[in-house]
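To start, the structure under review is shown below, and the notes come after it.
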Amino acid sequence: MSRRLYRSLKLLEPYEGKLSRTVLRGESGSNPADLPDKAIASPLMAGYLLYLYKTVRKFWGEAIVVTQELGDIIGNAVVKDSIINNSDTICLLDQTKFKDNYNDIAALLSINETERRKIFTINQLDNTDNRGRFKEVYIRRGAVGEVYGVEVSLHQYLTYTTEKPEKSAVESYTNRFGSYPDGLDAFIRDFKGSGKSLPAFISQVNQNQQS
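If you read the sequence shown in full-length UniProt numbering, its first letter stands for residue 1, the second for the next number, and so on.
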């Protein structure tokens with residue numbers, strides 16, 4: 001057994017325990033498996049995933065796969081069939097970068113032309129007036145899906161943002177006020193009082209921090 005595959009199976013051990021403690025006893029819970037790219041393409045891992053999906057579905061659970069590389073799924077027939085055939089719900093984020101070559105993905109996920117048109121409206125419509133910060137997602141159960149806007153509060157957005165300038169600006173406030181909640185509250189209070197756009201206010205905070 002390769003070192004990478006052994007490591008991958010070790011990472012699955014907590015999920016095995018969770019599966020036996022929750023799903024197989026009818027309890028709710030989640031503990032997603034961490035699968036490195038190379039390992040998921042191996043025949044042994046493909047067989048394991050097929051067992052995993054069948055077991056979870058048998059006990060009315062639903063396994064969830066999240067990937068940024070559809071090639072991880074498309075490139076292995078056993079993995080592809082075990083995941084796609086047993087996935088009742090499909091969620092897609094912005095697919096614009098795949099628009100010119102979407103036939104393989106559409107065929108894999110059984111996306112017809114009507115659903116494809118919906119998917120390519122994600123984050124493309126002029127529907128942001130009087131709304132908080134949000135991104136859109138396509139969610140399909142069965143054959144028909146819809147595009148939904150996922151709106152969060154400014155507190156939530158700034159807490160989970162991965163943009164470095166935004167994180168740095170909030171961090172400067174948390175350092176000044178001694179805790180994350182107090183710093184975040186002060187940051188948002190100053191931002192609303194500034195009359196600036198969020199990018200402009202963040203730029204100002206970061207510039208003041210450097211001076």
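For every residue, glycine included, the Cβ atom is placed at its ideal position computed from N, Cα and C. Note that the structure is predicted; figures quoted are calculated from it, not measured.
Those residues which DSSP pairs with residue i across a bridge
i, result
"I90", "R140"
"Y148", "V137"
Residue environment, residue i, which counts as buried when at least 16 other CB atoms sit within 10 Å
i, result
"residue 213", "Look at the range of the chain in this structure, 1 to 211, and you will see that residue 213 is not part of it."
"E115", "buried"
"G193", "exposed"
"F59", "exposed"
"V205", "buried"
"I119", "buried"
"A63", "buried"
"L125", "exposed"
"Y53", "buried"
"Y51", "exposed"
"G142", "exposed"
Residues near residue i in its chain [Cβ-Cβ closer than 7 Å; skip 5 each side]
i, result
"Y180", "T174"
"T161", "K167"
"R57", "N86"
"residue 293", "In the structure displayed, the chain extends from 1 to 211; residue 293 sits before or after that span and is not available."
"K99", "F120"
Cβ of residue i within 8 Å of any chain D Cβ
i, result
"Y51", "Of the chains in the structure shown, none is chain D; there is only one protein chain."
Assumed close pair residue i, residue j - CB separation to whole angstroms, cut-off 8 Å
i, j, result
"I111", "V147", "With 8 Å as the limit, I111 and V147 do not qualify as a contact, their Cβ atoms being about 13 Å apart."
"L154", "V170", "L154 to V170, Cβ: 11 Å. No contact."
"I84", "R140", "Between R140 and I84 the Cβ distance is about 12 Å, and since that is not below 8 Å, they are no contact."
"residue 225", "V137", "The chain is shown only over 1 to 211; residue 225 falls outside these bounds and no answer can be derived."
Own chain partners of residue i with C-beta closer than 8 Å, once the 5 adjacent residues on each side are dropped
i, result
"A186", "Y173, R176, F177"
"R131", "G149, E151"
"I188", "L154, H155, L158"
Contacts around residue i, its chain only, beta-carbon distance under 6 Å, and the 5 residues preceding and following it disregarded
i, result
"R133", "Y157"
"V65", "I83"
"I202", "P165, E166, A169"
"Q95", "I119"
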